[in-house]
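**Q** Protein chains in written order, with the working numbering: chain C, 12 to 711; chain P, -4 to 150. Glycine included, every Cβ here is placed at the ideal spot set by N, Cα and C. Submitted below is the structure of interest, expressed as structure tokens.
Here is the structure:
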């Protein structure tokens, strides 16, 4: 492996560790006494420090060290978990994340922030902070803060897994580390060794039983095994040495009595059981605990490989459809088993497709966790109190969706704090908790992903929204709008309600940007609001970007696909419903209102418009630009899932067409983009393509 | 010309010769992925005349150009012998409709001549060089030029 790739691995791991850190910190807020959680937080910071040390990232190491030292004090019970402390931890976590990003991208971070945080952290350390030295050795980190304990005898059962050796760990080094803590006696168990014939040199066959007499705490012992956690079965049980046998005596004498001690406590077949018997005993089985709460084992795979696989599976689906169609065309007299096999083939192909798609799916948790920082920063900036509650963060969504959702979500969360929530005083007057709640939830519902951002603020001030829209000439002054219509004004370009532009939101990026981003992902966003109770934004997204539900339609003589998500209804109009307006426009009356008709074939330069008003079908679509529009097409043939194929990878984007797909007969069908089509129809003048200076090549 | 320099780096090259618009052209064999029989394509809206449409090449959507039309030699007439040459430049794969494919030509680099100093800039750009073969002259197509002209289509 080359240098950069190890470095990449480090930063990937940092991402995971930072996620674990954020998660741990929020758990600490709920339960500040839970040692497992505090240990997990400590470990995250410690591992980042360790890795950063290996790459010589001194700034990161320095800050992580200060942070870790305070966490260590919390772990030892010297500092109590309090609200200001948690806030400091959160901010330190944020800064740590910034430092990691800065180290990765080679950029700078804000030195003032760091100095302030370091100073604050050091306040918690008291005087011994100055004596601290930066060190990467887990063993020397423990401040001598723990009260001198009575000597304890630990019985450690240690059985490495095969993976421990594969990862390059060496038990001897662990034993050396233990030996530094006190008197140690190691016995190897080789009962499990098979006959020479059956011997697998790569397997982990030996296990050890270690008796350690030390004044150090059990936590320190666990730290020794920190980096092999999950790679071995580890049981550490402690027994206080009976005071009458060993009072506080110099270590030299301990050596003699050690034999006695182990004679007094014969190796128990089950250290856990022995530990349970005595009230002073503690027992932790690391590997079991890890299974219960730790992450599931995962595999890192290059994204390109996954995408290639997804592509191939897409081919399989198309191929399956083609085979079925060809067999149907053969018109063989009904052969029942052939039909059954074909059906089974189809199901299998779908199964594989779903399985492969699931690889790209990732939980929204990391994305949601990032939002807690946004809430913190936003509430600090606006002097409001806010907390983030996340629901359903295990919901899985396509990786690309998650990536492209980060910006819109950040914006909406900021908005929710800035515009949604009231000032604490106002909230108290309204009889609410002064701390506002932003609820971020994700769920799968009927083949889509629903993401909701709800605040419990004052709700939309509809009068102000309408007044603003009229002032900005987005709607006519005499507009008579329903409540949902007023709410949706927020999504209009150039709309911003904030009376004064705060430094937080209102940077010229409005909800229209959010709406565009969501629509680019094939989703939609809506808003509901209740006066005095709050506002809820709902984002609905497709589960995957690789397939789509569409109507197979014909436009002129061509087969095309139009996404079902965009279609409100289909109409087969009666001649009487269609009314010409001016020379070349038509409208159709739909339940009393007149909707403009746009001829798809005409707008794609494929054919002349359908002049016979009775043929053709109208698809009613709702657009951002023009509200309701009816698209005229020749016919609808089928509804099916289609695999989306980019046109841009080998050609260029084509106006009005979002992508292409391959139909059952192997032919390519274009996927229409209704919004673009309508934009095209509006700006329709002379065809821009034909005006382009064409390259004239002549050979003579 | 960088491409010419590259071609001269090794001494022997193989070219596939074909005719388009009644003229002889060739492409270096390593640029060609396969040669397929012409099958109807899906037309693309808002594209110039030399873009015939897109074709399904084992799941990839590739654009098909009428090479003769691209070079301003008029549209290729429907004929049974018409074939599509699938060529790749870096990550982009395209298909070129030509009248017919003739042969594989093994040429020493020394025989490749620079494009004669003709007056049309565009033509000079689209031809990397010429190779005399018996009585005729074969033009080495500059695929980059074909592609770049394509990208000038408004997005």
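#1: Tell me which same chain residues have a C-beta within less than 6 Å of the C-beta of residue 535 (chain C), skipping the five on either side of it?
#2: For chain C, find out if any of its Cβ atoms is closer than 7 Å to the Cβ of residue 127 (chain P); answer yes or no.
#3: For residue 57 (chain P), go through chain C and note every residue whose CB falls closer than 7 Å to its CB, in chain order.
#4: Taking the beta carbon of residue 495 (chain C) as the centre, do at least 16 other beta carbons fall within 10 Å, making it buried, or is it exposed?
#5: Using a Cβ-Cβ cut-off of less than 7 Å, list which residues of the stretch 73 to 94 of chain P approach chain C; keep chain order.
#6: Just verifying my parser: in three-state terms, what is the DSSP assignment at residue 547 (chain C)?
#7: Please name the residues in the stretch 8 to 40 of chain P whose beta-carbon is closer than 7 Å to at least one beta-carbon of chain C, in chain order.
#8: Going along the chain, which residues of the stretch 309 to 330 of chain C sit with their C-beta nearer than 9 Å to a C-beta in chain P?
#9: What does the alpha-carbon distance come out to for the pair residue 36 (chain P) and residue 678 (chain C)?
#10: Per DSSP, what are the beta-bridge partners of residue 644 (chain C) in this structure?
#11: Within its chain, find whatever has a CB closer than 7 Å to the CB of residue 716 (chain C); leave out the 5 residues flanking it on each side and keep chain order.
#12: Go ahead and pull the three-state DSSP assignment for residue 561 (chain C).
#13: If you check the beta carbons only, do residue 223 (chain C) and residue 195 (chain C) fall under 7 Å apart?
#14: Could you check whether residue 104 (chain C) and residue 28 (chain C) sit closer than 7 Å to each other, using their CB atoms as the reference points?
#15: Give a yes or no on whether 7 Å exceeds the smallest Cβ distance from residue 51 (chain P) to chain C.
#16: What is the DSSP secondary structure of residue 590 (chain C), counted as helix, strand or coil?
#17: Have a look at C:548, C:412, C:219 and flag the residue whose alpha-carbon is nearest the alpha-carbon of residue 368 (chain C).
#18: Residue 278 (chain C) to residue 180 (chain C), Cα distance in whole Å?
#19: Taking 7 Å as the CB-CB cut-off, is residue 675 (chain C) touching chain P?
#20: What does residue 656 (chain C) reach in chain P if we use C-beta pairs closer than 8 Å?
#21: How is the beta strand (DSSP E) around residue 32 (chain P) delimited, first residue to last?
#22: Hey, which unbroken runs of the alpha helix (DSSP H) at 4 residues or more fall wholly within the stretch 78 to 148 of chain P?
#23: Would you mind telling me which residues of chain P sit closer than 8 Å to residue 527 (chain C), beta carbon to beta carbon, in chain order?
#24: Can you tell which of C:22, C:84, C:93, C:549 has its C-alpha closest to the C-alpha of residue 58 (chain C)?
#25: Helix, strand or coil: which one does DSSP assign to residue 19 (chain P)?
#26: Would you call the stretch 184 to 192 of chain C in contact with the stretch 232 to 251 of chain C, where contact means no fewer than 3 C-beta pairs closer than 8 Å?
#27: Give the straight-line distance between the Cα atoms of residue 242 (chain C) and residue 176 (chain C), rounded to the nearest whole angstrom.
#28: Can you name the residues that DSSP bridges to residue 571 (chain C)?
#29: How is residue 607 (chain C) classed by DSSP in three states: helix, strand or coil?
#30: Report the three-state DSSP secondary structure of residue 467 (chain C) (helix, strand or coil).
#31: Along the stretch 562 to 574 of chain C, what residues have a CB closer than 7 Å to any CB found in chain P?
#32: Would DSSP call residue 712 (chain C) helix, strand or coil?
#33: Skipping 5 residues on each side, what residues in its chain have a beta carbon closer than 7 Å to that of residue 647 (chain C)?
#34: Below 8 Å between beta carbons is the criterion; list the residues of the stretch 479 to 492 of chain C that meet it against any residue of chain P, in chain order.
#35: How long is the line joining the alpha carbons of residue 143 (chain P) and residue 40 (chain C), rounded to whole angstroms?
#36: Are the stretch 413 to 420 of chain C and the stretch 67 to 75 of chain C touching, with three or more C-beta to C-beta distances below 8 Å?
**A** According to the structure data:
#1: Cβ neighbours of residue 535 (chain C) beyond the five flanking positions: 551.
#2: No, no contact with chain C.
#3: The contacting residues are 661.
#4: Per the 10 Å Cβ criterion, exposed.
#5: Within the stretch 73 to 94 of chain P, the qualifying residues are 87, 88, 89.
#6: Taken through DSSP and simplified to helix, strand or coil, residue 547 (chain C) comes out as strand.
#7: Listed by position along the chain: 18, 37, 38, 39, 40.
#8: Within the stretch 309 to 330 of chain C, the residues whose Cβ lies closer than 9 Å to some Cβ of chain P are 322, 323, 325, 326, 329, 330, listed in chain order.
#9: Taking the straight line joining both Cα atoms gives about 8 Å.
#10: C:628.
#11: There is simply no residue 716 (chain C) to check, as chain C begins at 12 and stops at 711 in what is shown.
#12: In the structure shown, residue 561 (chain C) sits in a strand (DSSP, three-state: E or B).
#13: Cβ atoms of residue 223 (chain C) and residue 195 (chain C): closer than 7 Å.
#14: No, they are not a contact pair.
#15: True, the Cβ-Cβ gap to chain C drops below 7 Å.
#16: Strand at residue 590 (chain C).
#17: When only C-alpha atoms are compared, the closest one is C:412.
#18: Because the pLDDT at residue 278 (chain C) is just 45, under 50, the model does not fix this residue reliably, and the point stays unresolved.
#19: Taking Cβ atoms only, chain P never reaches closer than 7 Å to residue 675 (chain C), which makes this a no.
#20: Within 8 Å Cβ-Cβ: 54, 55, 56.
#21: For residue 32 (chain P), the enclosing beta strand (DSSP E) starts and ends at 27 to 32.
#22: As for any alpha helix (DSSP H) of minimum length 4 sitting wholly inside the stretch 78 to 148 of chain P, the runs are 116 to 121, 138 to 146, ordered along the chain.
#23: The premise fails here: residue 527 (chain C) is roughly 17 Å from chain P at the closest Cβ pair, so nothing lies under 8 Å.
#24: Ranked by Cα distance from residue 58 (chain C), the options C:22, C:84, C:93, C:549 are led by C:22.
#25: Residue 19 (chain P) falls in the strand class under three-state DSSP.
#26: Yes, since at least three Cβ pairs between the stretch 184 to 192 of chain C and the stretch 232 to 251 of chain C fall closer than 8 Å, the two stretches touch.
#27: Answer to the nearest angstrom: the Cα atoms are 9 Å apart.
#28: Beta bridge pairing from DSSP links residue 571 (chain C) with C:564, C:681.
#29: In the structure shown, residue 607 (chain C) falls within a strand segment according to DSSP collapsed to helix, strand and coil.
#30: Residue state for residue 467 (chain C) is assigned as coil, using DSSP reduced to three classes.
#31: Answer in chain order: 569.
#32: Summary: the structure shown does not reach residue 712 (chain C), with chain C confined to residues 12 through 711, and so no result is reported for it.
#33: The answer, listed in chain order, is 562, 564, 581, 628.
#34: For the stretch 479 to 492 of chain C, which is checked against every Cβ of chain P, not one residue is closer than 8 Å.
#35: When the Cα atoms are used, residue 143 (chain P) and residue 40 (chain C) turn out to be separated by approximately 59 Å.
#36: Counting Cβ pairs under 8 Å, fewer than three are found: no touch.
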